[in-house]
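Engineer: Chains as they are written, first to last, in my numbering: chain A, -15 to 98; chain B, 100 to 211. Got a structure here, written out as structure tokens. Questions coming.
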Amino acid sequence: AQTVTQSQPEMSVQEAETVTLSCTYDTSESNYYLFWYKQPPSRQMILVIRQEAYKQQNATENRFSVNFQKAAKSFSLKISDSQLGDTAMYFCASSSNAGNMLTFGGGTRLMVKP
Amino acid sequence: DAMVIQNPRYQVTQFGKPVTLSCSQTLNHNVMYWYQQKSSQAPKLLFHYYDKDFNNEADTPDNFQSRRPNTSFCFLDIRSPGLGDAAMYLCATSLSGRTEAFFGQGTRLTVV
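What follows is the structure, encoded as structure tokens:
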């Protein structure tokens, strides 16, 4: 079984600033995947970034990067140069190697302020 | 281009009246999922199809059923909706061997 916890229900950041969203997880799987999904208001959820647990190097996608601390079971998302379009609900999620069934955290609502 | 399409976007149904939500995809993905997302909560997996094989989550109520007549379409049937079934229902697809899931915009179900 997997559990994912996001301790920050809401966050805000000024445009162009950097913000970090926290996520911790627990799993009994030896191999698993971690994700950050973005759900903008009234729009579909899209993948922001993914991390394969067996890779030590932190994933990076343009302005988005993660800090993956496997021993601590922590997977935070850093958004650099925040843009108004980054305003959304952000979900941390995990899946096992056995399939892509996602276990989501409770979400963090991020507001980017002009 | 819409790749995972859910219809309708908004559905109002009466308490106890069967309702069907639909999902179609143009990605030719072999795995399709249904998630339930209640207000301000995390999406929760109800079930998924791996090809034609149906996989029900252990805690999904019997009130929820699903059909997948072909690769492109998947339906969620709620036999007797209760007030507690009001939620956003998300359809997603993925390709086996790939980790990314693609989501539809969801159907917001209201039970009156």
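Think of the CB as a built atom: it goes at the ideal place given N, C-alpha and C, for glycine as much as any other residue.
Just to make sure I have the definition right: I need the residues of chain B whose C-beta is within less than 7 Å of the C-beta of glycine 90/A. Which are they?
Structural biologist: Here residue 90/A corresponds to residue number 106 of the first sequence, with the count starting at 1. Gln140, Ala141, listed in chain order.
Engineer: Note down the Cα distance separating asparagine 127/B from methionine 102/B, rounded to an integer number of angstroms.
Structural biologist: As a first step, residue 127/B is located in the second sequence; it is residue number 28 there, counting from the start. As a first step, residue 102/B is located in the second sequence; it is residue number 3 there, counting from the start. Roughly 10 Å separates the two Cα atoms.
Engineer: Compare the C-beta of valine -12/A with all C-beta atoms of chain B and state if any pair is closer than 9 Å.
Structural biologist: For this step, residue -12/A is matched to residue 4 along the first sequence. True, the Cβ-Cβ gap to chain B drops below 9 Å.
Engineer: Helix, strand or coil for aspartate 152/B? Go by DSSP, reduced to three states.
Structural biologist: On the second sequence, residue 152/B is found 53 positions in, with the first residue counted as 1. Strand, per DSSP.
Engineer: So serine 60/A contacts chain B; which residues on that side make the cut at Cβ distance below 7 Å?
Structural biologist: In the first sequence, counting from the first residue as 1, residue 60/A sits at position 76. Within chain B, no residue comes near serine 60/A; the closest Cβ sits about 17 Å away, beyond 7 Å.
Engineer: Reducing DSSP to helix, strand and coil, say where leucine 68/A ends up.
Structural biologist: Position 84 of the first sequence, counted from the first residue, corresponds to residue 68/A. Here leucine 68/A sits in helix by DSSP.
Engineer: Just how far apart, CA to CA, sit alanine 185/B and alanine 72/A?
Structural biologist: Taking the second sequence and counting its residues from 1, one reaches residue 185/B at position 86. Taking the first sequence and counting its residues from 1, one reaches residue 72/A at position 88. When rounded, the distance between both Cα atoms is 22 Å.
Engineer: Mapping DSSP to helix, strand and coil, what is arginine 176/B?
Structural biologist: Here residue 176/B is taken as the residue at index 77 of the second sequence, counted from 1. Note that residue 176/B is aspartate in the sequence shown, not arginine. If DSSP states are grouped into helix, strand and coil, aspartate 176/B belongs with the strands.
Engineer: Along the beta strand (DSSP E) that carries glutamate 36/A, what are the first and last residues, could you check?
Structural biologist: Along the first sequence, one-based indexing puts residue 36/A at 52. Start and end: 30 to 36.
Engineer: Nearest to serine 66/A by alpha carbon, out of Val96/A, Cys76/A, Phe75/A?
Structural biologist: Numbered from 1 along the first sequence, position 82 holds the residue referred to as residue 66/A. Serine 66/A has its Cα closest to that of Val96/A, out of Val96/A, Cys76/A, Phe75/A.
Engineer: Name the DSSP beta bridge partners of glutamine 110/B, please?
Structural biologist: In the second sequence, counting from the first residue as 1, residue 110/B sits at position 11. DSSP, once it has assigned bridges, lists Leu208/B as partnering glutamine 110/B.
Engineer: Note down, in chain order, each residue of its chain lying with its Cβ closer than 8 Å to the Cβ of glutamine 136/B, except the 5 sequence neighbours on either side.
Structural biologist: The residue you call residue 136/B lines up with position 37 of the second sequence. So the list reads Pro142, Lys143, Ala186, Met187, Tyr188, Leu189, Gly205, once near-sequence residues are dropped.
Engineer: Taking glycine 203/B as the query, report the chain D residues whose CB atoms sit under 8 Å from its CB, ordered along the chain.
Structural biologist: Looking at the structure shown, chain D is missing, and the protein chains on hand are A and B.
Engineer: Verify whether the separation of the beta carbon atoms of isoleucine 30/A and alanine 43/A is less than 9 Å.
Structural biologist: Translated into the one-based positions of the first sequence, residue 30/A becomes position 46. Translated into the one-based positions of the first sequence, residue 43/A becomes position 59. Cβ distance not < 9 Å, so isoleucine 30/A and alanine 43/A don't count as in contact.
Engineer: Within 9 Å (strictly less), CB to CB, does valine 130/B reach chain A?
Structural biologist: The residue you call residue 130/B lines up with position 31 of the second sequence. Yes, valine 130/B counts as interfacial toward chain A.
Engineer: Could you tell me the distance, in whole angstroms, from the CA atom of phenylalanine 48/A to the CA atom of isoleucine 63/A?
Structural biologist: Walking along the first sequence from the start, residue 48/A turns up at place 64. Walking along the first sequence from the start, residue 63/A turns up at place 79. Taking the straight line joining both Cα atoms gives about 5 Å.
Engineer: Using the beta-carbon of each residue, which ones in chain B are nearer than 7 Å to leucine 94/A?
Structural biologist: As a first step, residue 94/A must be located in the first sequence, where it is residue number 110. Within 7 Å Cβ-Cβ: nothing; leucine 94/A doesn't reach chain B, min ~14 Å.
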